[in-house]
Every structure is written in structure tokens, then in C-alpha cells.
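S.K.:
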Amino acid sequence: MTPSRGIARLLEIMAALRTPGSGCAWDLAQDFSSIAPYTIEEAYEVADAIARMNLADLEDELGDLLLQVVFHARMAEEQGAFDFGGVVEAITRKMLRRHPHVFGDATGETPEVVAGLWERIKAEEKAERAARGGGRDEQRALAGVPTALPALTRALKLQQKAGRVGFDWNDPRAVIAKIREETDEIEAALDAADRDHAGAEVGDLLFAVVNLARHLDADPERVLRETNQKFERRFGFIERALLARGRTPAESTLDEMDALWTAAKAEERR
3 MTPSRGIARL LEIMAALRTP GSGCAWDLAQ DFSSIAPYTI EEAYEVADAI ARMNLADLED
63 ELGDLLLQVV FHARMAEEQG AFDFGGVVEA ITRKMLRRHP HVFGDATGET PEVVAGLWER
123 IKAEEKAERA ARGGGRDEQR ALAGVPTALP ALTRALKLQQ KAGRVGFDWN DPRAVIAKIR
183 EETDEIEAAL DAADRDHAGA EVGDLLFAVV NLARHLDADP ERVLRETNQK FERRFGFIER
243 ALLARGRTPA ESTLDEMDAL WTAAKAEERR
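Everything in the sequence shown is counted per the numbering used here, starting at 3 for the first residue and increasing by one.
#1: What residue does the alpha helix (DSSP H) around alanine 150 start on, and which one ends it?
#2: How should isoleucine 240 be labelled, buried or exposed, when 16 other C-beta atoms within 10 angstroms of its C-beta is the threshold for buried?
#3: Applying the criterion that 16 or more other CB atoms from any shown protein chain within 10 Å of the CB defines a buried residue, is valine 104 buried or exposed?
#4: Residue ranges of each alpha helix (DSSP H) run of no fewer than 4 residues wholly in the stretch 146-185, ordered along the chain?
#5: Please classify asparagine 213: is it buried, with 16 or more other beta-carbons within 10 angstroms of its beta-carbon, or exposed?
#6: Would you say the stretch 218-230 touches the stretch 187-195, given that touching needs at least three Cβ pairs under 8 Å?
#7: Go ahead and pull the three-state DSSP assignment for proline 102.
#8: Compute the Euclidean distance between the alpha carbons of glutamate 44 and alanine 117, then round it to the nearest angstrom.
#9: Glycine 65 lies in the alpha helix (DSSP H); which residues open and close that run?
#10: For aspartate 186, tell me which candidate among Ala266, Cys26, Leu19, Gly201 has the shortest Cα-Cα distance.
#11: Please list the terminal residues of the continuous alpha helix (DSSP H) segment that includes serine 36.
#12: Roughly how many whole angstroms lie between the Cα atoms of aspartate 221 and glutamine 162?
#13: So, is glutamate 203 buried or exposed, given that buried needs 16 or more other C-beta atoms within 10 angstroms?
#14: Touching or not, the stretch 70-81 and the stretch 12-20, by the rule of three or more beta carbon pairs under 8 Å?
#15: List the whole-angstrom C-beta distance separating arginine 216 from leucine 158, where the pair is believed to meet the contact cut-off of C-beta under 8 Å.
#16: Quick check on alanine 210: buried or exposed, where buried means 16 or more other Cβ atoms within 10 Å of its Cβ?
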């Protein structure tokens, strides 16, 4: 086989890898559950390439992510459930339905109007699935938030869904009050020497901080990622400054490093 720009060649390669007797032993040993962690990892690597604005890496990582879709589709085809063509058809149908302002008669001149259309159509689809299946889960306000999402993202989506049915604050300052309440509860647990309770309260604090980010239209994953990068950058400044003095962080005092941290912040403001 030779490389190709067409999806058919990639499907052929995956079929060959999954062919008993002549395929790859590792690929043949996999199932949906064993491949799922790789799918998540590849999605993160796509996001990392975007954050670094490295388009060469992005091209490569998107290919790795596409391979995950092809892998899952091939395993489903082997079970007679669906194939890659079914995946493409399903997403095509969904995109046509969810963009009536492009492919139909609806209007959507602003991103806000389009987002409202999207959510309304998703709600209609959920109601239809519930009617077909006769189940109650689809009708729950918090249904449909995958448990495998990163915790911050899942907290954000749960809060968004709860907010749509009116379970929400109207003012970010009310969320700040909740954050203060949660820090008070952590302090009380520490005073009682109950570290397990304090740890659990940290979870409540993080959930409240995500809520504050949501009210400020700030994606918590993005802003925390940016803060991580800022921390790495400033700590790198500390390490370089100490290296120039012939020392490492482990050989320095906290006061020295704190002073250098302040210097790193001042350097960034210039």
C-alpha cells in the first residue's frame, strides 16, 4: 500500500491491521475500552498543538485523531453495528439539521442567535431520543454530560445545563460569596484537624471557582492552562536567575525565590 489523500486508503489500512491471521497482533487485541484512553490523549495533543500555534504539529495530530475514529468505526463494523460511512452520514445529518440558518429557512445573523438555535435543536433531538427509547434519562436536565470529560470541563457543562433550567446565580458576586463560604469551610475543617473533610471541601471550592469563570465567560480549562504556562515561564525565570548565581532552587531559600518571582512578574509587565 502507498499513502493517499483519500479516506479510502486509511480505511483499507485499518481493515488490514484488524484482519485475523495477517494483521497486527496489537491492533487485533484492542477493543473500544482499551482504545478510548488513546482517543482522549490524541484530542489533548490536538489542543496542545493549537495552544502552541504549531500548524505542522496540528496536521500530524489531527491525523492521529482521525485514526482513532477509523479504529472505533472498524471495530463497530466487525460487530455489525455501524461503519465509517455511517459515522460520516450521522454527522452530516446532524450538521444539516443544526444549521437551518445555512441549509434551511431560519435566520441566524449573530453567533448568539446561532448558539440559541443549536441548543434548541439539541433539546428537540434529546426529546426525540427519549420518545423512541421510552427512557427517562434523556429527559433529565443534566443528562448527556460524559463522565470521561476533564473534571473542570464537566463541572462547567453541568453548571450550564443546570443554569438553563433556572438553577443559577444572576450575579458573579454571589458566586464570590460562595467561594468565600467554601474557603471558610476548608479552614474550619483544618481547625478540626480533619484533613479528609478539608480535601473534600476543596472539591466544592473548585466547583465554585468554575462557576465564577462561567459567569465571567471564561473557559476554566483555558484560563487554567494559561496560568500553568505562566507558572512555568516564571519558574523558569527563577531557575535561570539562580543558575547565574551558581545555585539551584533546592539550594536557595523561599525568600530568594519569592523575590525572583516578583522580578519575573515585573519583567512580564515591561
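For each residue, glycine too, the CB sits at the ideal point set by N, CA and C.
M.R.: The answer reads as follows:
#1: Counted from its first residue, the sequence shown places residue 150 at position 148. Counting along the chain, alanine 150 falls outside any alpha helix (DSSP H), and DSSP gives it neither H nor E.
#2: As a working note, residue 240 is residue 238 in the sequence shown. With 16 or more other Cβ atoms within 10 Å, it is buried.
#3: Taking the sequence shown and counting its residues from 1, one reaches residue 104 at position 102. So valine 104 counts as exposed.
#4: 153-166
#5: Here residue 213 refers to the residue found at position 211 of the sequence shown. Burial call: buried.
#6: no
#7: Taking the sequence shown and counting its residues from 1, one reaches residue 102 at position 100. Helix at proline 102.
#8: Position 42 of the sequence shown, counted from the first residue, corresponds to residue 44. Position 115 of the sequence shown, counted from the first residue, corresponds to residue 117. When rounded, the distance between both Cα atoms is 27 Å.
#9: By one-based count along the sequence shown, residue 65 stands at place 63. It spans 57-80 - the alpha helix (DSSP H) in which glycine 65 sits, taken as one unbroken run.
#10: Position 184 of the sequence shown, counted from the start, is the residue given in the question as residue 186. Cα-wise, what sits closest to aspartate 186 is Gly201.
#11: Within the sequence shown, numbered from 1, the residue matching residue 36 stands at position 34. Element bounds for serine 36: 34-53.
#12: In the sequence shown, the residue the question calls residue 221 occupies position 219. In the sequence shown, the residue the question calls residue 162 occupies position 160. One C-alpha to the other measures close to 12 Å.
#13: In the sequence shown, residue 203 corresponds to position 201, counting from 1. The residue in question, glutamate 203, is buried, as its Cβ has 16 or more Cβ neighbours within 10 Å.
#14: yes
#15: For the purposes of this step, residue 216 is identified with residue 214 of the sequence shown, where counting begins at 1. For the purposes of this step, residue 158 is identified with residue 156 of the sequence shown, where counting begins at 1. Confirmed, Cβ separation roughly 6 Å.
#16: In the sequence shown, the residue the question calls residue 210 occupies position 208. Buried: at least 16 other Cβ atoms inside 10 Å.
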